[in-house]
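Here the structure is laid out as structure tokens; the discussion comes afterwards.
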Amino acid sequence: MSAGMRVAMPPAHQEFRRRLRAWLADNLPAGGLPDVDTDDGFRAHQAWERTLHDAGYAGISWPVAHGGGGGDLLHEAVFAEEYERARGPVRITRPSLRFLGPTLMRFGSPAQQQRWLVRMLRAEDIWSQGFSEPEAGSDLAGLRTRAELRGEVYVVDGQKTWTTHGRFSDWMFALVRTGAPGGRHRGLTCLAIDLRGPGVTVRPVGQAHGRTGFAEVFLTGVEVPADQRIGGHDEGWAVAMTLLSFERGPDTGGPVRSRQRLAALAGDVAADLPPAQVAAAAGELGTAAARLYAYRAHTARRVAGQWEGEPGGVESSVVKLYSTGLDRDLVELGSELFGDLRLAEGTPEYVDFWHSRAGRIYGGTAEIQRNIVADRILGLPR
Ligand SMILES: Cc1cc2nc3c(=O)[nH]c(=O)nc-3n(C[C@H](O)[C@H](O)[C@H](O)COP(=O)(O)OP(=O)(O)OC[C@H]3O[C@@H](n4cnc5c(N)ncnc54)[C@H](O)[C@@H]3O)c2cc1C
1 MSAGMRVAMP PAHQEFRRRL RAWLADNLPA GGLPDVDTDD GFRAHQAWER TLHDAGYAGI
61 SWPVAHGGGG GDLLHEAVFA EEYERARGPV RITRPSLRFL GPTLMRFGSP AQQQRWLVRM
121 LRAEDIWSQG FSEPEAGSDL AGLRTRAELR GEVYVVDGQK TWTTHGRFSD WMFALVRTGA
181 PGGRHRGLTC LAIDLRGPGV TVRPVGQAHG RTGFAEVFLT GVEVPADQRI GGHDEGWAVA
241 MTLLSFERGP DTGGPVRSRQ RLAALAGDVA ADLPPAQVAA AAGELGTAAA RLYAYRAHTA
301 RRVAGQWEGE PGGVESSVVK LYSTGLDRDL VELGSELFGD LRLAEGTPEY VDFWHSRAGR
361 IYGGTAEIQR NIVADRILGL PR
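So in the UniProt record's numbering, spot 267 of the sequence shown is number 267, and the numbers just go up one at a time.
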């Protein structure tokens, strides 16, 4: 968040920041947690989520009735900044916190909210997002997983892919076709699918950096009670679009992470490069610093806009393009300056390198964001 926003931060939020900073200093697991993509590592992250919840730091802006902290967007923004600043462990509840939970609050029935939301926050149930399919990623409206309503039960057949945390998930927030094949965005429905039930096969998918955070999920005659439908029958597209707007919402932790990346790189340059090379690198680092300031300011403006009730819309595409471009370029600059040694398999830099590429894909690829900008800001013909 920009310095400008900090000046305007109300005293209650400043106090919240002080308390949180002290709590994180006292409670963050010393030495971090084991790799989240292993069985033990995932369990350790689940335990950490419960610690956060017990301390009142999970779902900062969720209503108290749903197990949250009852705070506002600024509390949420302060939390994201401080958590990143303290280098807190990766949040396995991130999809639930950012977009699955808020969508359930908007479209779920009171019974569904009561059944799922608190357990989501405490990581007692792990949820994944079941949108992408082998032939439907950017073209989400082309998805083919079918669900047929037979009495009070949907029978689901199909395949989902690139399911983050799929291997450890209990539930999937799935978008499926209930209308005519080829009906595009008409005839889609959202279902909560129990991934521990019969007919579900979850197969881990290896990622470029060697971990297995993804899974593909095969659904064969899976029976889903109709009371696990989220929103109306054939009305899933509106639910999915709301979910994606939450997914692409502002993340005040993002600029903090980029700043840490830039500071680490600048530190390495100063410590390890000969003076002639430092001078050459300084220009690139200066440009990156200017881009970082723009990114921070834009994120702060988006939080302020949301605070005032502005819809996110095309702004989120701009910030996604900008932020993921900056992260990718910083990582590339690091490998240019220090050579491939920096990318030895298994090092944090190696994992970071691949993560910086993933940012250009998930939640809508860079090309898709550019199409949105071309269409909605520039008014170019499609
Ligand atoms: C780290 C990570 C986590 C993910 N987690 C999940 C998850 O939990 N659940 C889930 O459902 N999905 C998840 N995804 C999948 C993600 O949403 C898709 O990868 C993404 O939407 C792109 O779809 P695709 O991979 O099928 O690529 P495609 O849509 O096949 O695209 C291939 C290439 O063509 C380009 N392209 C496609 N259409 C156009 C167009 N109209 N104009 C210009 N270029 C175009 C794309 O930009 C891309 O470069 C995740 C992806 C990543 C990388």
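Virtual Cβ for every residue (Gly too), placed ideally from N, Cα, C. Because the structure is a prediction, the values reported are computed rather than measured.
Just to confirm my understanding: we take Arg301, look at its own chain, exclude 5 residues before and 5 after, and list those with CB closer than 6 Å. What are they?
Hits under 6 Å: none found.
Per DSSP, what are the beta-bridge partners of Ile230 in this structure?
According to DSSP, Ile230 bridges with Cys190.
Considering only DSSP beta bridges, list what Ala215 is partnered with.
Its beta-bridge partners are Pro204.
In three-state DSSP terms, what is Asp157?
Strand at Asp157.
Would Leu33 count as contacting chain C if we go by Cβ distances under 7 Å?
Absent from the structure is chain C; it holds one protein chain and no more.
Can you tell which of Thr145, Gly108, Thr161, Ala358 has the C-alpha that lies nearest to the C-alpha of Ser128?
Looking at the Cα atoms, Thr161 is the closest of the given residues.
Val351 by DSSP, collapsed to three states: which one?
Correct three-state label for Val351: helix.
For Tyr295 versus Tyr322, is the C-beta distance shorter than 7 Å?
Cβ atoms of Tyr295 and Tyr322: closer than 7 Å.
Among Ala266, Gly88, Ala58, whose alpha-carbon lies nearest the alpha-carbon of Gly286?
The candidate whose alpha carbon is nearest that of Gly286 is Ala266.
Whole angstroms is fine: what's the gap from Asp375's alpha carbon to Val200's?
Approximately 39 Å between the Cα atoms of the pair.
For Leu262, which residues of its own chain have a beta-carbon under 8 Å away from its beta-carbon, when the five flanking residues on both sides are left out?
If we look at Leu262 and ignore the five residues flanking it on each side, its Cβ neighbours are Leu285, Ala288, Ala289, Leu292, Leu330.
Runs of 3 residues minimum, wholly inside the region 52-106: which ones carry the beta strand (DSSP E) assignment?
Listed in chain order, nothing qualifies, since the region 52-106 has no complete beta strand (DSSP E) run of 3 or more residues.
Any idea which residues DSSP pairs Leu20 with across the strands?
Paired residues: none, contrary to the question.
Glu223 and Val153: beta carbons closer than 7 Å?
In contact: Glu223 and Val153 (Cβ atoms closer than 7 Å).
What did DSSP end up calling Trp162 once you bin it into helix, strand or coil?
Trp162 falls in the coil class under three-state DSSP.
Helix or strand or just coil, what does DSSP make of Thr38?
The answer is coil: DSSP assigns Thr38 none of H, G, I, E or B.
Can you tell me whether Tyr362 sits near ligand 1, meaning its C-beta is under 6 Å from at least one heavy atom of the ligand?
True, at least one ligand heavy atom lies under 6 Å from that Cβ.
With H, G and I counted as helix, E and B as strand and the rest as coil, what does DSSP make of Met172?
The answer is strand: DSSP assigns Met172 an E or B state.
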